[in-house]
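Only one structure is covered here, and it is reproduced in the block below.
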Amino acid sequence: GQNIDQPTEMTATEGAIVQINCTYQTSGFNGLFWYQQHAGEAPTFLSYNVLDGLEEKGRFSSFLSRSKGYSYLLLKELQMKDSASYLCAVRDRKSDYKLSFGAGTTVTVRA
Amino acid sequence: DTAVSQTPKYLVTQMGNDKSIKCEQNLGHDTMYWYKQDSKKFLKIMFSYNNKELIINETVPNRFSPKSPDKAHLNLHINSLELGDSAVYFCASSKGLAGGEQYFGPGTRLTVT
Chain A
3 GQNIDQPTEM TATEGAIVQI NCTYQTSGFN GLFWYQQHAG EAPTFLSYNV LDGLEEKGRF
63 SSFLSRSKGY SYLLLKELQM KDSASYLCAV RDRKSDYKLS FGAGTTVTVR A
Chain B
24 DTAVSQTPKY LVTQMGNDKS IKCEQNLGHD TMYWYKQDSK KFLKIMFSYN NKELIINETV
84 PNRFSPKSPD KAHLNLHINS LELGDSAVYF CASSKGLAGG EQYFGPGTRL TVT
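Chains as they are written, first to last, in our numbering: chain A, 3 to 113; chain B, 24 to 136.
Set out below in structure tokens:
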């Protein structure tokens with residue numbers, strides 16, 4: 003199975019930057035995903051990393067280091083609407099490509 | 024157009040009853056999933072189907088039985104509902120088992136009393 007760890011909560015100010023770290027252990031790594039989930043809603047896809055390095059998508063970037071079993075999601079120029087839970091998920095090719103999720107990091111953006 | 028849809032959105036029922044949740048995707052995807060998200064917000068895979076074939080069957084009680092009549096539909100039937108079944112159930116789909124991101128439906132909030 004996978005062990006996926008991410009902080010439970012983070013708070014930041016509007017306009018600031020927040021970095022959400024995720025560490026994982028898996029024997030058949032086949033990609034790491036970040037999802038955003040607002041309260042009472044479905045998770046929505048943010049980013050995907052399968053090779054080492056940084057993927058940038060507007061205000062959101064995600065980084066992966068496979069050798070360290072580590073990823074982070076960087077949220078820049080925070081807006082109030084970014085207050086949500088951010089889920090790190092790892093796909094494992096040795097488990098029928100199962101996607102395993104971390105417990106999520108609740109980000110609260112304050113004015 | 025809704026990509027992944029589920030019905031019903033809310034389901035309140037008593038212990039011991041049998042209920043079904045339906046899921047449909049119009050994305051032309053080959054793979055569909057059922058997830059359970061409990062009160063602690065932990066999202067956990069229950070089943071996955073690829074081209075109507077069951078691929079993943081996690082340690083889920085036999086009371087839960089998925090059915091995929093075609094690639095666009097994956098339904099979940101639950102027998103003899105228990106209090107612990109109360110959760111939000113999400114359907115999702117993806118292009119393939121290893122094909123890109125998963126798209127989630129709006130969820131079905133099941134409350135067992």
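Glycine residues also receive a C-beta, built at the ideal position from the N, C-alpha and C atoms. The model shown is predicted, which means the values in this text are computed figures rather than measured ones.
I'd like to know whether the C-beta of A:Arg-95 is nearer than 8 Å to at least one C-beta of chain B. yes
Just the Cα atoms here: how many angstroms apart are A:Gly-60 and B:Gly-123? Their backbone Cα atoms lie some 20 Å apart in a straight line.
Under 8 Å, do A:Ser-49 and A:Ser-69 count as touching if we go by C-beta distance? no
Of the listed residues A:Arg-112, A:Ala-91, A:Thr-10, nearest to A:Asn-32 (C-alpha basis): A:Ala-91
Partner residues on chain B for A:Pro-9, Cβ-Cβ distance less than 9 Å: Result: empty, since nearest Cβ-Cβ is about 14 Å, beyond 9 Å.
Please report how far the alpha carbon of A:Glu-58 lies from the alpha carbon of B:Leu-106, in whole angstroms. 43 Å
When you compare the CB of B:Phe-65 with every CB in chain A, is at least one pair closer than 8 Å? yes
Across which residues does DSSP place A:Tyr-72 in a beta bridge pair? A:Thr-25, A:Ser-67
Could you give the uninterrupted runs of the beta strand (DSSP E) lying entirely in the region 62 to 119 of chain B, keeping only those of 3 residues or more? 66 to 73, 76 to 80, 87 to 93, 96 to 101, 110 to 117
How long is the line joining the alpha carbons of B:Thr-25 and B:Ala-95, rounded to whole angstroms? Pairing B:Thr-25 with B:Ala-95, the inter-Cα distance amounts to about 13 Å.
By Cβ distance, which residues of its chain are closer than 6 Å to A:Tyr-72, with the 5 residues on each side in sequence left out? Thr-25
Determine, using beta carbons only, whether B:Cys-199 and B:Tyr-72 come nearer to each other than 8 Å. The structure shown does not extend to residue 199 of chain B, since chain B spans only 24 to 136, so no value can be given for it.
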